[in-house]
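Residue numbers (our numbering), protein chains in the order written: chain A, 3 to 388; chain B, 124 to 382.
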C-alpha cells in the first residue's frame with residue numbers, strides 16, 4: 003500500500019549529510035511522520051555508514067516541518083548511533099516546538115527487554131512430550147473430578163429432590179432433544195439410504211440381496227445408529243455446553259454462583275447432563291428408525307424388495323438383543339459427552355482464544371471417548387455372548 | 124493537516140441518533156477544538172457512549188453531519204474512510220486488546236497494517252510507546268489476560284497512540300481504576316497530550332479527571348448538550364442535572380471540610 007495516497011504532492015522527508023575531517027553535518031527536512039516510515043528508514047540507513055566514520059555529528063532539524071514519535075525516535079536513534087566511545091552527536095539546535103517530544107524519546111529504549119532464551123531443539127521436543135503426557139494425566143483427572151462432582155450432586159439431589167432444577171433440565175431437554183430431531187432424522191435417514199444402496203449394489207454380485215436387510219438391521223440398531231447420533235450430539239450440544247459454560251466462566255457468572263453458596267455443578271452441569279442422558283437414547287431410537295426407513299425405501303425402489311418382505315426379513319434378522327445393545331450404550335455415551343463438555347467449559351480462562359480452544363478440545367475429546375466407549379462395550383457384549 | 128485554517132477537530136451538527144422509537148441524541152451540536160482535552164459527561168444512559176460510537180462510525184445516525192479531522196463520512200470516499208483510522212486512536216472502556224496477541228503485537232497491529240516499516244523499527248516503536256505510557260519492556264511479551272486493569276488501560280492507550288493520531292477518543296479511561304491509578308492515568312494523558320499535541324475527546328464520570336485534565340467540559344442531558352465550556356462555566360450552569368452532578372454531595376472538591 004502506498005503511504006502517500008492522501009499526501010500525494012507533498013514533500014518527502016529527507017536526511018542529507020556532508021562529512022569533512024571526521025565532522026558530519028546532517029540536515030533533516032520535510033515531514034518526519036509515520037506515513038513516510040519507509041522513506042525515513044531508507045534515509046536513516048543511508049547515512050549510517052557516514053555516522054560510523056564521524057567523530058562528531060550534528061543534526062540540523064530546523065527544516066523539519068512535522069514530527070511525530072516515529073520521526074523523533076529515528077532522530078534519537080541517529081544521535082545514539084553517533085555518540086559513545088569518545089564520539090559525540092547532538093542537534094545543532096533544538097526548536098522549541100519539538101523539544102518536549104525529543105526529550106521524551108531520549109528516555110525510551112534504554113534498557114533492552116529481558117532476553118527470551120531459546121532452548122535447544124532436543125530439550126524443546128522433550129519438554130513438549132513431557133507436557134503432553136502431563137496434560138493427558140491432567141485431563142483424565144479433570145474428567146474424573148467432574149464425574150465425581152456430578153455424582154456428589156446426584157446424591158445431594160436424591161436426598162433432597164427439591165434441589166433439582168427441573169425447569170432448567172426440561173429446557174435443556176427441549177434444546178438438545180427436541181430441537182435436534184430434524185437434523186438427526188435427516189442425517190440418519192440419508193445414511194440408511196446410502197448403506198442400503200451400497201449393500202444392494204455389492205451383495206447383488208453374489209446373489210445375497212436378501213441379506214442387505216440383516217446388515218441394515220444389525221448395523222443400525224447395534225452399532226452405527228448410536229454412534230452417529232452420539233457423534234452428532236457431541237458436535238451439536240456438547241460444543242454448545244462448553245461454549246456456554248466457558249463464557250459464563252469468563253464473565254465471572256460461575257464465581258458469582260459459587261459466592262452465593264450454590265454449587266455450579268449442581269445448578270448448571272447436572273440439569274444439562276441429565277437432559278443429555280435422557281435425550282440421547284430417544285434420539286438414537288428415532289435415528290435408527292429413520293435409518294431403517296431410508297434403507298427400506300431404497301430397498302423398495304432400488305433393490306426391488308417389497309416393503310412387506312423387507313419388514314418380514316427384518317423381523318427374522320434382528321433380535322431384541324441387538325436393539326438392547328444399542329440402547330444400553332446411549333446413556334453412557336451421553337454421560338461421557340456431558341462430562342467432557344462441562345469440564346472443558348469450566349477450564350476456560352479469560353481470553354476468547356481459550357474459549358475456542360476448549361470448545362474444540364471438548365468436541366474432539368468427546369467424539370474420541372464415545373468411540374473408545376463403543377469399543378469397550380463391544381468387548382463386554384462379546385464376552386457375555388449378546 | 125490540510126484543513127489548516129480550521130481550528131475544529133470534530134464538528135457535530137444537528138445529530139439525531141435513535142433506536143426504534145427511542146431518540147437518544149436529538150439535534151445535537153458540538154465542536155471539539157484542535158489540541159484541547161474535552162471532557163464529556165452525562166447521566167448513565169444519557170447517550171455519551173452513543174455519541175462517541177456515532178462519531179467514530181460504529182453506530183448509524185438518522186440525520187445531521189459529523190466532521191472528524193476534516194472528513195465527513197457521508198461524502199468521503201471508501202479510501203478516505205479507511206485512512207481515517209490513521210488519524211484517530213480509540214481507547215475502549217475495557218481496553219479491547221486482542222487476546223490472542225501479546226502486548227507488543229497489540230501495539231504493533233496498527234503499524235503493521237498501515238505503514239511500510241521494518242520489523243526492527245516496529246519493535247523499537249512498540250517499546251517506545253509502551254515506555255511512554257509507563258510500562259516496562261518486560262511486559263511486552265505478556266498476553267492481555269496476564270495484565271491488571273491499570274496495565275490493560277495503559278497498553279490500550281499505547282495501541283491507540285501507535286500511529287500518533289490527531290484525535291484520541293477515551294471511553295471512561297479511569298473507570299475500574301483506584302483513585303491513585305486513575306489520577307496517574309489522567310496525568311499521563313495530560314503529559315502525552317502536551318508532548319504529542321493531539322486532541323482528546325474523553326467520556327468520563329470521574330470528577331477528578333474533569334477538574335484536573337480537561338480544558339473544556341460538555342454536559343449531555345435530554346439528548347442535547349446543555350452546557351459546554353471551562354469548569355467555571357459548567358459550575359455556573361443552572362441546569363438541574365448539572366447542578367446535582369457538579370455541586371452535589373459527592374463533589375468533594377468543593378464540599379466544605381467536615382468539622
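Don't be surprised by glycine CBs; every beta carbon is placed ideally from N, CA and C.
Residues from the segment 303 to 319 of chain B in contact with chain A, defined by Cβ distance under 9 Å: 314, 315, 317, 318, 319
message: Among the candidates 68(A), 331(A), 348(A), whose CA atom is the shortest distance from the CA of residue 225(A)?
response: 331(A)
message: Strictly under 8 Å for the Cβ-Cβ distance: is residue 70(A) near chain B by that measure?
response: yes
task: Tell me, please, whether the segment 323 to 332 of chain B touches the segment 162 to 174 of chain B by the rule of three or more beta-carbon pairs shorter than 8 Å.
output: yes
query: Between which two residues does the beta strand (DSSP E) harbouring residue 138(B) extend?
result: 131 to 142
message: Tell me the residue span of the alpha helix (DSSP H) that contains residue 241(A).
response: 241 to 252
- request: Could you tell me whether the Cβ of residue 251(B) comes closer than 8 Å to any Cβ of chain A?
  value: yes
query: Got a sec: which bits of the segment 75 to 88 of chain A sit with their beta carbon under 8 Å from any beta carbon on chain B, in order along the chain?
result: 75, 76, 79
- request: Identify every residue that forms a DSSP beta bridge with residue 212(B).
  value: 291(B)
- prompt: Which residues of chain B have a Cβ atom closer than 8 Å to the Cβ of residue 40(A), listed in chain order?
  reply: 238, 239, 240
message: Going by DSSP in three states, residue 190(B) sits in which element: helix, strand or coil?
response: strand
query: What residue from 173(B), 199(B), 249(B) has the CA that sits closest to residue 231(B)'s CA?
result: 249(B)
query: If you measure from the beta carbon of residue 7(A) to each beta carbon in chain B, is any gap under 8 Å?
result: Bear in mind that the predicted position of residue 7(A) carries a pLDDT of just 43, short of 50, making it too unreliable to give a figure here.
- prompt: Who does residue 344(B) pair with in a DSSP beta bridge?
  reply: 347(B)
task: May I have the straight-line CA-CA distance separating residue 103(B) from residue 269(B), to the nearest angstrom?
output: Limits of chain B in this structure are 124 at one end and 382 at the other, which puts residue 103(B) out of reach.
field: Own chain residues within Cβ distance below 7 Å of residue 280(B), not counting five before or after
entry: 214, 256
task: Please determine, among 103(A), 306(A), 194(A), the residue with the shortest C-alpha to C-alpha distance to residue 320(B).
output: 103(A)
- prompt: Closest Cβ-Cβ distance between residue 49(A) and chain B: below 8 Å?
  reply: no
task: Could you have a look at residue 152(B) and say whether DSSP puts it in helix, strand or coil?
output: strand
task: Quick one: list the residues of chain B neighbouring residue 36(A), beta-carbon separation under 7 Å, in chain order.
output: 238, 286, 287
- prompt: Does any CB atom of chain B fall closer than 8 Å to the CB of residue 43(A)?
  reply: yes
- prompt: Does the segment 163 to 181 of chain A come close enough to the segment 291 to 305 of chain A to have 3 or more Cβ pairs within less than 8 Å?
  reply: no
message: At the 8 Å Cβ level, is residue 255(A) part of the contact set with chain B, yes or no?
response: no
message: Could you check whether residue 25(A) and residue 51(A) sit closer than 8 Å to each other, using their CB atoms as the reference points?
response: no
task: Leaving out five residues on either side along the sequence, give the residues of the same chain with a beta carbon under 6 Å from the beta carbon of residue 233(B).
output: 285, 286
field: Chain-order list of residues whose beta-carbon lies under 6 Å from that of residue 69(A) (same chain, five-residue window excluded)
entry: 34, 100
task: Name the residue from 348(A), 152(A), 317(A) whose alpha carbon lies nearest to the alpha carbon of residue 279(A).
output: 152(A)
query: Taking the alpha carbon of residue 145(A) as the point to measure from, which residue in 374(A), 367(A), 380(A), 284(A) has its own alpha carbon closest?
result: 367(A)
Reduced DSSP category for residue 31(A) - H, G, I as helix; E, B as strand; rest coil: strand
task: Using a threshold of 8 Å, state whether the C-beta atoms of residue 335(A) and residue 282(A) are closer than that.
output: yes
- prompt: For the segment 187 to 199 of chain A against the segment 284 to 292 of chain A, are there 3 or more C-beta pairs whose distance is under 8 Å?
  reply: yes
query: Is it the case that the Cβ atoms of residue 81(A) and residue 94(A) are separated by a distance below 8 Å?
result: no
- prompt: According to DSSP, is residue 298(B) helix, strand or coil?
  reply: coil
field: Classification of residue 109(A) by the beta-carbon crowding that lies within 10 angstroms, buried from 16 upward
entry: exposed
message: Quick check: what's the CA-CA separation for residue 146(B) versus residue 344(A)?
response: 43 Å
query: When burial is assigned at 16 or more other CB atoms within 10 Å of the CB, is residue 315(A) buried or exposed?
result: buried
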